[in-house]
Amino acid sequence: MSIGLKTYRPLITGTTHAVSTSHYLATAAAYRILEEGGNATDAGVAAGIVINVALPQYTSFGGVAPIIVHDAKKKETKSISGLGRWPKAASIGYFEQHTDAKLVPGILRTVTPSAADGWLTALRLYGTMTFEQVVTPALELAENGFPIPHSLHRALVGVTEELVHDEGEVVNWSTTEEIFAPNGQVLKTGDILVQKDLATTFRRLIQVERDNTLLGRDTAIKAARDYFYLGEIAHEMVEFSRQQGGLLSLEDLADFHVGVETPPSIDYKGTEVFTCGPWCQGPVTIQALKILEGFDLQSMGHNSADYLHTLLEALKLAFADRHTYYGDPDFVDVPMKGLLDKDYASLRRAEINMDVAHPEMPLLGIHGNLKVEIVLQLVRRNRSL
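Residue numbers (the working numbering): 17 to 401.
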């Protein structure tokens, strides 16, 4: 039995271009860039930076930005590893000594900013426009404000104790309070969110790009990037981190560069599917698809009980592998080929019971199914992983 839901949304069709994002303002920004003559990467970068502004509970311009770019002319797909690393001072020993080995909320959770480098690298290598052109929609929203969605209000309510305090009380997130909880009240759905400091950051980067325009587009974008990671903004971020008890250093920022790499992929019933690498949770998608490949989902009926059960169980198995094997390939030997091997997928598929759901995430590796671990080791050995 399938679940039929009526919708009054029109079927969207077009003849030139289309955009889909998690926020209507980001979609509008990307469409605007396409209308102005930009390519898909220009539009994607514009949309991504607007997401940084419009949905700050999920990410930010100083946060993370895993990116996949497909060049239709070159028939080439690349991923950009817009995921920051921990500051060098963030050792296990530090956390054992200062936080009882717990990852406490606040500044100590922050990694080296990577989104800025990710967006600027994507723009420089695959875009056609200037940083000023693609960041303008986000700049306007940060400077002039926009009505916050319910999802952001809900997120703010969840951290009310950290944001709102009585007069004279010391809090850790005072600068965040000024933006998201002015006058001691978290912003409500529909309230206007203004982010003047972020807008100022965008304007400073735009000015650096302008100052280097005569040296060419590539150099100008690089100059803006370096101003963020090596220039005044870098010094300001490190000083703020220090004042808040953080560990970020100038060396962390200077050493950071996103990678451009060939992403993992699979063929799913005639369609090639790409994800970012195991430095994020991207491969969970293709691992789950590899497991699902052996099921006839169409015969189950879309959104039927069997259909949903099968999808969820496949995802649980893939997420279990993520917990056990994924990590930064520069530091961890991730057996990606083995995890995507058809024989391994077949073995995992056999663990799905159509009558019983795993109440929790399945275990894997030395703590879980020993047979699974042995097969994975054999896959590694046979395929020289």
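Where is the CB? At the ideal position from N, CA and C, for every residue including glycine. Just so we're clear, the structure is a prediction, and the values are computed from it rather than from any experiment.
**Separation of valine 80 from serine 400, as counted between CA atoms** = Because the pLDDT of serine 400 is 45, which lies under 50, any placement of that residue in the model is unreliable, and the number read from its coordinates should be weighed accordingly. Roughly 32 Å between the two C-alpha positions.
**Message:** For glutamine 303 and valine 180, what's the separation of their Cα atoms in angstroms?
**Reply:** 42 Å
**Prompt:** Roughly how far, in whole angstroms, is the beta-carbon of arginine 364 from the beta-carbon of isoleucine 282, given that I think they are within contact range, below 8 Å?
**Reply:** Not confirmed; about 14 Å, so no contact.
**Item:** Meets three-Cβ-pair contact criterion under 8 Å: the stretch 146-158 and the stretch 53-70
**Value:** yes
**Straight-line Cα distance separating proline 121 from threonine 115** = 11 Å
**Request:** With DSSP as the reference, please indicate the residues paired to aspartate 283 in a beta bridge.
**Result:** Glu288
**Whole runs of the alpha helix (DSSP H) within the stretch 166-246, excluding any shorter than 4 residues** = 166-174, 176-179, 190-196, 212-227, 233-245
**Request:** Measuring alpha carbon to alpha carbon, tell me which of Glu178, Ala171, Asp371, Lys353 ends up nearest tyrosine 323.
**Result:** Asp371
**Prompt:** Just reading off the alpha helix (DSSP H) that isoleucine 307 is part of, what are its end residues?
**Reply:** 299-308
**Message:** Which of the three DSSP states is assigned to valine 69 in this structure?
**Reply:** helix
**Message:** Is it the case that the stretch 310-321 contacts the stretch 274-290, given that we only count it when at least three CB pairs across the two stretches are under 8 Å?
**Reply:** no
**Request:** Taking only the alpha-carbon atoms, compute the straight-line gap between lysine 238 and alanine 250 and give it to the nearest angstrom.
**Result:** 15 Å
**Nearest neighbour of valine 127, chosen from Arg170, Ala105, Phe196, Ala373 [CA to CA]** = Ala105
**Asked** Leaving out five residues before and five after phenylalanine 218 in sequence, what residues of the same chain have Cβ atoms less than 6 Å from its Cβ?
**Response** Val151, Leu155
**Same chain, Cβ closer than 6 Å to valine 276, neighbours up to 5 away in sequence not counted** = Lys94, Ile96
**Prompt:** Taking the runs of the alpha helix (DSSP H) that are 4 residues or longer, which of them lie wholly in the stretch 29-56?
**Reply:** 40-51
**Asked** If you count every other CB in all the chains shown that lies within 10 Å of the CB of leucine 119, and 16 or more means buried, which is it?
**Response** exposed
**Item:** For glutamate 156, three-class secondary structure by DSSP
**Value:** helix
**Request:** Using the DSSP secondary-structure output, state which residues sit across from threonine 340 in a beta bridge.
**Result:** Answer is none; threonine 340 lacks a bridge partner.
**Neighbourhood of glutamate 224 by C-beta distance below 7 Å, restricted to the same chain and skipping five residues each side** = The question names glutamate, but residue 224 is valine in the sequence shown. The answer, listed in chain order, is Ala239, Ala240, Tyr243.
**Asked** Considering only the beta carbon of each residue, do alanine 131 and phenylalanine 77 sit closer than 7 Å?
**Response** yes
**Asked** From the beta carbon of valine 175, is the nearest beta carbon of chain C less than 7 Å away?
**Response** In the structure shown, chain C cannot be found, because there is only a single protein chain.
**Asked** lysine 118 bridges to which residues according to DSSP?
**Response** Its beta-bridge partners do not exist; DSSP assigns none.
**Prompt:** If we ignore side chains and look at the alpha-carbon of each, how far apart do alanine 34 and glycine 64 end up?
**Reply:** 15 Å
**Prompt:** CB-CB under 6 Å to glycine 384, same chain, minus the five flanking residues each way: which ones, in chain order?
**Reply:** Low per-residue confidence applies at glycine 384: pLDDT is 38, beneath 50, and the placement is therefore not dependable enough to give any value.
**Message:** Beta-carbon within less than 6 Å of threonine 229's beta-carbon, same chain only, minus the 5 sequence neighbours each way: which residues are those?
**Reply:** Ala236
**Message:** Between the stretch 132-148 and the stretch 199-208, can you find at least three pairs of beta-carbon atoms closer than 8 Å?
**Reply:** no
**Asked** Expressed to the nearest angstrom, what Euclidean distance is found between the alpha-carbon atoms of threonine 216 and serine 38?
**Response** 25 Å
**Prompt:** Can leucine 405 and proline 378 be called in contact, C-beta distance under 7 Å?
**Reply:** Nothing in the structure corresponds to residue 405, since the chain is present only between 17 and 401.
**Request:** Specify the secondary structure class of histidine 374 as computed by DSSP and reduced to three states.
**Result:** coil
**Request:** Can you grab the Cα-Cα spacing for the pair serine 18 / threonine 326, in whole Å?
**Result:** Caution is warranted here: a pLDDT of 47 is assigned to serine 18, below 50, making its placement in the model unreliable, and the coordinate value is therefore given only provisionally. If I take the Cα positions, the gap works out to 14 Å.
**Collapsed DSSP secondary structure at lysine 387 in the structure displayed** = Residue placement at lysine 387 is flagged as unreliable, the pLDDT there being 47, under the threshold of 50; the coordinate-derived value follows with that caveat. Residue state, collapsed to three classes: helix.
**Prompt:** Rounded to a whole number of angstroms, what is the C-alpha to C-alpha distance between threonine 176 and glycine 200?
**Reply:** 9 Å
**Asked** Between glutamine 73 and the rest of its own chain, which residues show a CB-CB distance below 8 Å, the 5 nearest in sequence each way excluded?
**Response** Ser167, Leu168, Ala171, Leu172
**Request:** From the DSSP output, in three-state form, read off histidine 273 for me.
**Result:** coil
**Request:** Return the CA-CA distance between glycine 54 and methionine 145, expressed in angstroms with no decimal places.
**Result:** 6 Å
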